[in-house]
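Below: one structure, written as structure tokens.
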Amino acid sequence: MALSLINILIFPGFLFLSTLALAFEYVDRKLCARMQNRVGPPWYQPIADFIKLMSKETVIPTEANPSIFKSIPIFALAATASAFLYIPIWGQRSLYPFDCDLLVVLYFLTVPTLTFFLAGWFSSSLYAEIGSIRAMTQLFAYEVPLYMALLGPALLAGSWSISAITAFYHQNPLLSLLNLPGLCVAIIAAQGKLERAPFDIPDAETEIVGGTFTEYSGRYLGLFRMAVDSEMVALAALISAIFFPALLPANPVLGLLVFLIKVLVVVFILAVIKTAFARFRIDQMVTFCWKILAPVSLLQIVIDIIAKGVILS
Amino acid sequence: MAKMMIPLGPQHPALEEPESFSLLLDGERIAAATVALGYNHRGMEKACESRTYIQDIYLLERICGICSHSHSSSYVQAVEAIAGIEIPKRAAYLRTLIGELERVHSHLLWLGIAGHEIGFQTLFMFVWRDRELVMDLLERLTGNRVNYGMNTIGGVRRDIDSTQTEEVLKALDILEARTSYYIKVCTEEQSIIGRLAGVGKLPREDALRLGAVGPVLRASGVRRDMRKDDPYDAYSELDFNVITDDHADVLGRTVVRVFEIMESYKICRQVVRNMPDGPIAVKVPAKIPTGEAFSRYEAPRGEDIHYVRSNGTDRPERVKVRAPTLANLASITNMIEGGYLADVPIVIAAIDPCFSCTDRMIRVQDSRSGREDRYDWAGLRQYSIDWYKKRGVDLSQTKAAWKD
């Protein structure tokens, strides 16, 4: 019981995830800054930002429903923290693996987007409402390719459990090369899920001010930002667990180190995408997702089905 | 979903200055748009009438933080025309040099802002980093980064020496290499073209009918540039091209601006190489004879018009400024209606707006009753006299500082 509590609250649960989230926010910001020829923030900037937001006055619009307005950021954070518990981080097994945990993790990771929608909708501000609609529109565009891209590797491994998928590719490392198209789709879709440039359409500041978070301030904005950062870590961890399962040492400490390096690689790719493109328009984004990402992820499934038939039988 | 009205401004992250755009949204599309001016009236034209001609240069230079040299040049040209003064050749060349460097810095600034408006922060950071080169150069030549204080009636106030000439040529080489890279980025990078092409269309006929000026007009395929059509300073002796483009959209406006920067480098090199020797200013009496004149100047944003009327004293009787943004604002609603909400910021930014230079009136509305009050100069004076009278001060016998 005590151990489970420690697991959930401290390692690898909430505290560890928060620390990682802030650390990777720093890495992301610093990388972007260096790529844009700027100095970038010092290492403690995300912590300082978080503390500052926590201590600031919170303004709640008079027309917003205060209980929903306050509880939504907590839902977002809780969902990502729960998702993170089912991703293996120091070896082949996660903390509490069970059948179909891949699906549960994916659903948990959809919850933050839904909370962004609700947050915007219930803050009853024009810009926030437009941001909400955009967040939902975008969800329908990237979610299907992302699910299909993760479905392919699962099909080949013959399991819906992340731990089982990791173990399968750990035994057959060369087979994970077949999943490269899926990896590309997953990373691009993750960029959309995290609402980062070039898919930062729901909070495009020059168009709709703060987007879904226009009315949020202080503590609740801080929680939302923490939720977005944790979502980035959880998604990067999920992608590295499914697509780069090779090189997993048996030693848990080394395993954790290897895990961190893999997540770092994913965050680096995400940062490169963020700096390299101009923001898409919502119609361009939807077209891109359905015309390019969805067919590629279908191709991934076909590749995996053929590979399953030809190689494994 | 029902149509909704959303405000863009007067306070909005996409706008650097206060201006109000009301957009009627049909989903993500703009069904209708209205523009309301009048948030930043500074009363400069009236203030000019109580200052001497020399003091007015300093005031008018501060109309705009970016095309400051354009406004002061346009004004001194008008005053020189009334006084019948021919400025020395060297002064004309120096004005041209500063004017072109200003165009370079203004267009680079615009390119960075365009990157910001379409959510491309990297372009913004890179361009503004390189813009520092030309800012430093301007500071080295004039002592200031924005308000150069170069112009005076009858010439310029500072000369440049051979070391400064060297510096100009050296900086131009680096800037030219950088700009060629940005030209490549703007004309080949697919995600930029995807955001700019076909956005904010303004066909040639509409551009002419609505009186667009500057790069907006040239991007609609009209060859109109005051430097060629009505040459001032040293432009009649220089070899350069007027850049036009047939895209008639934001991409066209971008292309026109980036290629204009290259032309400016060409002009700067010619100016520096062919700079004639001689005095940099002629003496002008403080009192300007009676007369009126208006002058046109190709500012980075388009044709800038100044009108000056003198009455034989050392102060002008009337100064009228028509900033290029006013001419381009008329076509804004045409450009954004029917487009996407996401494109509104870049379409507005594509005219390179300068709202504070444009405002000539302020509208005060009572937020509760919706009542509007308008005063002319005499009415405003009467209002202040009455206001003080109620409080026991009688100012009705005080002489008015200005004639109406």
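Line by line, the protein sequences are chains H and S.
Residues in the first sequence are numbered from 2 upward in steps of one, following this note's numbering.
Residues in the second sequence are numbered from 42 upward in steps of one, following this note's numbering.
Every residue, glycine too, gets a C-beta built ideally from N, C-alpha and C.
| Query | Result |
| --- | --- |
| S/ASP445 in three-state terms, based on DSSP | Since pLDDT at S/ASP445 reaches only 47, below the 50 mark, its modelled position is unreliable, and the value read off the structure follows with that caveat. It is coil, neither helix nor strand. |
| Any alpha helix (DSSP H) of 4 or more consecutive residues that is wholly inside the region 273 to 303 of chain H | 283 to 289 |
| Distance between S/LYS361 and S/ASP445 (C-alpha atoms, nearest Å) | Confidence is the limiting factor: at S/ASP445 the pLDDT is only 47, short of 50, which leaves the residue's position unreliable, though a coordinate-based value still follows. Distance between the alpha carbons of S/ASP445 and S/LYS361: 15 Å. |
| Complete runs of the alpha helix (DSSP H) confined to the region 49 to 102 of chain H [at least 4 residues] | 67 to 86 |
| Proximal residues of chain H, C-beta to C-beta of S/PRO365 below 7 Å | Here the premise fails: no neighbours, minimum Cβ distance about 23 Å. |
| The region 325 to 343 of chain S contacting the region 105 to 116 of chain S, beta-carbon criterion three pairs below 8 Å | yes |
| Contacts of S/LEU382 in chain H (Cβ-Cβ under 8 Å) | ILE131, GLU208 and ILE209 |
| heavy atom of the ligand HEM below 7 Å from S/TRP169 C-beta | Of the ligands one can find in the structure shown there are none, so the ligand HEM has no counterpart to examine. |
| Length of the line joining the Cα atoms of S/LEU100 and S/MET85 | 8 Å |
| Members of the region 132 to 165 of chain S that neighbour chain H once the beta carbon cut-off is set at 9 Å | GLY156, HIS157, GLU158, ILE159, GLY160, PHE161, GLN162, THR163, LEU164 and PHE165 |
| Cβ neighbour criterion (16 or more within 10 Å) applied to H/PRO43 | exposed |
| The region 54 to 77 of chain S: positions lying closer than 7 Å to chain H by Cβ | PRO54, ALA55 and GLU69 |
| Residue range of the alpha helix (DSSP H) that includes S/VAL168 | 162 to 183 |
| Length of the line joining the Cα atoms of S/GLU173 and H/GLN37 | 15 Å |
| Delimiting residues of the beta strand (DSSP E) encompassing S/LEU335 | Leu is not the amino acid found at residue 335 of chain S; the sequence shown has Phe there. Run containing S/PHE335: 332 to 340, per the beta strand (DSSP E) assignment. |
| Per DSSP, the bridge partner or partners of S/ALA73 | S/LEU65 |
| Contacting positions in the region 220 to 239 of chain S - beta carbon closer than 7 Å to chain H | SER232, ILE233, GLY235 and ARG236 |
| Proximity below 8 Å, CB of H/ILE283 to CB of S/GLU378 | no |
| Where S/GLU230 sits in the DSSP three-state scheme | coil |
| Beta strand (DSSP E) segment containing S/ARG350, residue limits | 343 to 351 |
| S/PRO326, buried or exposed, once every other Cβ within 10 Å from all chains shown has been counted against 16 | exposed |
| Sub-8 Å separation of H/TYR148 and H/GLY193 beta-carbons | no |
| Bridge partner(s) assigned by DSSP for S/MET191 | S/MET191 pairs with nothing; no bridge assigned. |
| H/TYR1 (DSSP reduced to helix, strand or coil) | As displayed, chain H neither begins before 2 nor continues past 314, which places residue 1 of chain H out of reach and without an answer. |
| Whole-angstrom C-beta distance between S/ILE387 and S/ARG236, which should lie under 8 Å | 7 Å |
| In DSSP terms, what H/LEU184 is bridged to | H/LEU184 is not bridged to any residue. |
| Rounded separation between S/GLU58 and H/LYS53 - CA only | 29 Å |
| Stretch pair the region 55 to 64 of chain H + the region 209 to 227 of chain H: three plus CB contacts closer than 8 Å | yes |
| CB contact check: S/PHE396 to chain H, cutoff 8 Å | no |
| Rounded separation between S/LEU299 and S/PRO48 - CA only | The question names Leu, yet the displayed sequence has Val at residue 299 of chain S. Whole-angstrom Cα-Cα distance: 31 Å. |
| Contact under 8 Å by Cβ, S/VAL117 with S/ASN185 | no |
| Validate contact between the region 268 to 277 of chain S and the region 129 to 140 of chain S using beta carbons, cut 8 Å, 3 pairs | yes |
| Collapsed DSSP secondary structure at S/PRO386 in the structure displayed | helix |
| Short CB-CB distance (under 8 Å) between H/ARG39 and chain S | yes |
| Residues sharing a beta bridge with S/LYS430, DSSP | Answer is none; S/LYS430 lacks a bridge partner. |
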